[in-house]
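See below for the structure under consideration.
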Amino acid sequence: MAQEFRYPLTRICLRSGSLTLPLAMLSVFPDTGDITAVDTSEETEFALDVAGRRVEGLTEFFRSHDLEVNDEVVIRPLEDGRFGITAFKRDRRPDYTRPDVRRRLVDAIAESALPATESEIRALHPALPPEFPLRQTLAEDPRLALHEGRWQSRLAVEAVQRAADAETHRRQEEHRRRVEVAEREEEGRRAEAGAREAAESAAAEREAAAKRAEQERERLNARAAEDARAGAQRTSRDRSEREERSESGDAAGATSSPADERFEWDQPIARTFRLPWQKQRAPKPAPSETHVTSDPFNLDRLGEARPTTTPRPPVSVTPTPRSGLFPADAALNSETLAADPAKTKRAREAFATFGYRVEGLAHGQLMLHADLGRRQYRTLMHVLPDGERLDWAALLARRRDSKAKYLAVVGDHRDLHRLTAPADLARATLWSWAGVDRGLELTASTMIGPLDLEPHFERDGMFEYGLERFERSIAKRVQERGTLSAVLTALAGMRAPAVFVLEDLAAYGDVPRDQLVRVLERLSEAPFHLVSKVDSGEFCLRYRVQDALDQLGTYATSLRGRLPERQRERVRGLPEGVEPIGVHDLPETGYVTVPERATVVAPRRAAPLSDAAERREGSAAARPSPASKRAARSEQNDDGAPTDEERALEYTSVTERRPAPLEVVPRERERPTLDQSALFTGPGFLEDDDEDDVDLSAVARSRPTKKR
Numbered sequence: 000m001a002q003e004f005r006y007p008l009t010r011i012c013l014r015s016g017s018l019t020l021p022l023a024m025l026s027v028f029p030d031t032g033d034i035t036a037v038d039t040s041e042e043t044e045f046a047l048d049v050a051g052r053r054v055e056g057l058t059e060f061f062r063s064h065d066l067e068v069n070d071e072v073v074i075r076p077l078e079d080g081r082f083g084i085t086a087f088k089r090d091r092r093p094d095y096t097r098p099d100v101r102r103r104l105v106d107a108i109a110e111s112a113l114p115a116t117e118s119e120i121r122a123l124h125p126a127l128p129p130e131f132p133l134r135q136t137l138a139e140d141p142r143l144a145l146h147e148g149r150w151q152s153r154l155a156v157e158a159v160q161r162a163a164d165a166e167t168h169r170r171q172e173e174h175r176r177r178v179e180v181a182e183r184e185e186e187g188r189r190a191e192a193g194a195r196e197a198a199e200s201a202a203a204e205r206e207a208a209a210k211r212a213e214q215e216r217e218r219l220n221a222r223a224a225e226d227a228r229a230g231a232q233r234t235s236r237d238r239s240e241r242e243e244r245s246e247s248g249d250a251a252g253a254t255s256s257p258a259d260e261r262f263e264w265d266q267p268i269a270r271t272f273r274l275p276w277q278k279q280r281a282p283k284p285a286p287s288e289t290h291v292t293s294d295p296f297n298l299d300r301l302g303e304a305r306p307t308t309t310p311r312p313p314v315s316v317t318p319t320p321r322s323g324l325f326p327a328d329a330a331l332n333s334e335t336l337a338a339d340p341a342k343t344k345r346a347r348e349a350f351a352t353f354g355y356r357v358e359g360l361a362h363g364q365l366m367l368h369a370d371l372g373r374r375q376y377r378t379l380m381h382v383l384p385d386g387e388r389l390d391w392a393a394l395l396a397r398r399r400d401s402k403a404k405y406l407a408v409v410g411d412h413r414d415l416h417r418l419t420a421p422a423d424l425a426r427a428t429l430w431s432w433a434g435v436d437r438g439l440e441l442t443a444s445t446m447i448g449p450l451d452l453e454p455h456f457e458r459d460g461m462f463e464y465g466l467e468r469f470e471r472s473i474a475k476r477v478q479e480r481g482t483l484s485a486v487l488t489a490l491a492g493m494r495a496p497a498v499f500v501l502e503d504l505a506a507y508g509d510v511p512r513d514q515l516v517r518v519l520e521r522l523s524e525a526p527f528h529l530v531s532k533v534d535s536g537e538f539c540l541r542y543r544v545q546d547a548l549d550q551l552g553t554y555a556t557s558l559r560g561r562l563p564e565r566q567r568e569r570v571r572g573l574p575e576g577v578e579p580i581g582v583h584d585l586p587e588t589g590y591v592t593v594p595e596r597a598t599v600v601a602p603r604r605a606a607p608l609s610d611a612a613e614r615r616e617g618s619a620a621a622r623p624s625p626a627s628k629r630a631a632r633s634e635q636n637d638d639g640a641p642t643d644e645e646r647a648l649e650y651t652s653v654t655e656r657r658p659a660p661l662e663v664v665p666r667e668r669e670r671p672t673l674d675q676s677a678l679f680t681g682p683g684f685l686e687d688d689d690e691d692d693v694d695l696s697a698v699a700r701s702r703p704t705k706k707r
């Protein structure tokens with residue numbers, strides 16, 4: 000059996016990679032030379048150098064087996080002349096004072112990804128000494144975190160925390176949604192209660208009005224009955240008197256002769272006039288006594304005639320003012336509702352400054368129209384006079400009829416305090432005069448339009464908290480502008496061109512780094528191109544700030560001059576008595592094209608318009624000869640009548656926008672011109688080469704056709 004030798008390793012052996020043979024092993028190895036060794040655990044061969052008592056060449060063997068001090072190497076000679084070497088590691092406790100050992104421990108715990116307490120970790124690693132600071136070691140590693148008494152992965156803790164936060168946020172959102180739904184339901188119930196109360200009050204008012212009308216009708220009927228009764232008594236008394244006079248007259252006529260009958264001059268002529276030789280006629284039967292009823296006017300019997308003997312009492316009717324634009328606005332049509340024209344004018348001017356199209360309504364109300372292109376909205380604004388009450392039912396009816404999106408009330412600060420609760424129920428916003436004036440002041444430094452004011456029409460208005468919110472939004476804009484000014488001021492103090500860092504600008508003002516980077520990125524784009532980004536945190540000032548602002552001003556001025564302007568087309572009328580001729584009425588050939596701004600000059604032989612008018616009226620005067628025509632034209636020109644050039648300027652095309660100077664369009668050859676006076680002149684019209692007269696009235700009444 001081959002002999003084995005156990006060799007304990009020392010620090011010198013591990014460092015030098017060699018063995019110092021004891022006396023018992025000198026007989027095993029040769030004195031000098033190379034030998035072949037075999038690693039029995041891995042079955043690999045390697046060469047060793049023997050020089051006396053030293054065997055060298057074991058460095059790779061020690062490193063591959065991770066041998067340490069006091070580990071053993073077993074050497075055994077083999078039958079084939081080689082030497083077998085086996086490594087044996089002794090059981091040892093890890094030295095947790097070493098950083099690499101601690102790092103391996105923490106890596107093992109982090110890679111396990113299992114939540115564990117400190118006692119569980121010590122149970123999994125029994126080699127840990129009791130005095131080892133396990134909590135401190137685990138807390139130093141960023142991958143681990145202590146959550147609910149257990150050490151686990153920080154990513155897992157953050158994921159759990161995010162899930163918990165998401166669940167909490169979901170519950171809060173659900174609670175907020177439920178609260179909003181409950182508030183909306185409560186507002187709906189309040190609105191229904193308000194509408195019900197308004198309907199009940201309106202019904203009560205209608206019942207009271209009907210009751211008053213019934214009482215007035217009964218009073219009128221009673222008065223009419225009294226008048227009818229008095230009239231019946233007066234009629235009966237008159238009839239009795241007439242009968243008495245008739246009886247006395249008959250008795251006197253029976254005792255006297257007809258010659259003795261005399262005419263009574265004190266009787267009414269139109270009723271009892273008779274001649275002296277005529278006998279007195281029998282009196283007409285008296286009208287029957289009027290039956291007195293409780294309803295002499297028959298007010299309850301429609302369609303029947305009413306008696307005309309009793310005079311009708313005057314009825315006072317209050318007409319509805321023309322300013323009542325909506326039928327359901329009965330309360331606002333009342334003449335007792337106060338309005339302040341000065342405050343209404345003040346509100347109109349203020350919101351016209353903000354960019355609204357203001358439409359005036361009745362009783363201090365305005366309709367604000369915001370035309371934003373693809374989006375429009377309307378706001379009904381009520382101008383509240385000082386110390387006046389507001390009828391919310393009528394105002395809501397006006398809003399419903401006008402289909403306005405928002406409802407606003409503008410008034411004094413003291414009057415708006417008592418309208419806070421009703422405005423919340425009616426979903427209306429309150430605007431104080433102080434808030435409106437503050438908005439007008441801020442328009443001097445910031446552009447404010449309907450888009451900026453729409454959130455305040457939705458809620459808060461321009462009163463107390465709404466005014467504070469509006470000022471904060473405007474202050475944010477001004478702050479952004481101030482940040483840009485501060486950065487430009489800091490850049491103006493630098494030499495250009497030059498490369499700078501963000502810290503160079505931080506000394507000029509208290510500007511946050513993120514805002515500073517945002518402003519510099521904006522300055523690197525069009526139309527500034529003032530700076531360029533060189534590297535992370537480095538920028539280059541390309542040229543001076545003063546020159547950049549001058550170029551920007553020049554660019555803005557040039558762009559302003561080239562921008563189109565919205566213009567409305569204007570239509571110019573022709574002189575009275577002249578019928579315009581369209582293009583379709585002209586012949587297809589025989590005319591030249593006249594430029595748009597050209598002035599067409601009529602021929603000198605054109606007759607005055609007055610002669611043609613006289614002929615159209617069918618004057619019976621004899622036609623003058625061509626010589627007399629020329630003389631008449633010369634006299635008119637001398638007396639101040641319009642010349643041919645002035646008449647041609649009068650018939651200039653209506654498409655030109657500015658009057659052009661009187662000039663003749665150059666042509667290659669003479670052709671008839673495109674002018675109304677030229678269409679009725681020339682050979683065959685007023686005068687020709689044979690000087691034959693032509694009836695101009697027939698020519699003037701006929702219009703040119705498309706035929707050649």
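Residue 177 in numbering that gives the first Met the number 0 sits at position 178 of the sequence shown; the count goes up by one each step and never skips. Using N, Cα and C, we set each Cβ at its ideal position, and we do this for glycine too.
Once the 5 residues before and after residue i are set aside, which same chain residues still bring their CB inside 6 Å of it?
i, result
"Glu358", "Met366"
"His146", "Val156"
"Val105", "Asp140"
"His368", "Arg356, Arg377"
"Ala539", "Checking the sequence shown, residue 539 turns out to be Cys, not Ala. The answer, listed in chain order, is Val498, Ser531, Val533."
Who are the Cβ neighbours of residue i in its own chain at under 7 Å, not counting the five residues just before and after it?
i, result
"Leu439", "Ala349, Thr352"
"Gly448", "Phe353, Gly354"
"Ala209", "none"
"Asp48", "Asp33, Glu55, Gly56"
"Leu20", "Phe28, Arg52, Val54"
"Glu537", "Val498, Val500"
"Gly460", "Ala407, Thr428, Leu429, Trp430"
Apart from the five residues on each side of it in sequence, which residues of its chain come closer than 8 Å, Cβ to Cβ, to residue i?
i, result
"Phe4", "Ala23, Met24, Val27, Val73, Ile74, Arg75"
"Thr167", "none"
"Thr31", "Val49, Ala50, Gly51"
Name, in chain order, the residues that DSSP records as bridge partners for residue i.
i, result
"Ala36", "Phe45, Phe82"
"Arg53", "Thr19, Ala50"
"Val382", "Val409"
"Glu358", "Met366"
"Met446", "In the DSSP output, where bridge partners are listed per residue, Met446 has none listed."
"Ala144", "Gln151"
"Pro7", "Glu71"
"Ala115", "Trp150"
"Pro76", "Phe82"
Since residue i contacts residue j with CB under 8 Å, what's their CB separation in whole angstroms?
i, j, result
"Phe456", "Thr556", "37 Å between Cβ atoms; not a contact."
"Val68", "Arg10", "5 Å"
"Leu143", "Ile108", "7 Å"
"Val518", "Val486", "5 Å"
"Val510", "Thr482", "6 Å"
"Phe82", "Ala36", "5 Å"
So, does the CB of residue i fall closer than 8 Å to a CB anywhere in chain D?
i, result
"Glu502", "Considering every chain present, this structure includes no chain D. It has just one protein chain."
Three or more C-beta pairs closer than 8 Å, one from the segment 71-80 and one from the segment 93-109: is that the case here? no
Pairs of beta-carbons, one from the segment 172-182 and one from the segment 415-431, closer than 8 Å: are there three or more? They do not touch, by the three-pair rule.
Segment contact, 8 Å Cβ cut-off, at least three pairs: the segment 471-486 with the segment 429-449: yes
Three-pair Cβ contact test at 8 Å for the segment 526-545 versus the segment 476-491: yes
Whole runs of the beta strand (DSSP E) within the segment 388-435, excluding any shorter than 3 residues: 405-410, 428-431
At least three beta-carbon pairs within less than 8 Å, the segment 456-467 to the segment 494-506: no
With a cut-off of 8 Å, do at least 3 Cβ pairs link the segment 36-52 to the segment 100-114? no
What are the start and end residues of each continuous beta strand (DSSP E) run of 3 or more residues lying completely inside the segment 482-545, in chain order? Qualifying beta strand (DSSP E) stretches, in chain order: 497-500, 530-534, 537-540.
Can you list, in chain order, the stretches of the beta strand (DSSP E) that have 3 or more residues and sit fully within the segment 182-233? Qualifying beta strand (DSSP E) stretches: none in this window.
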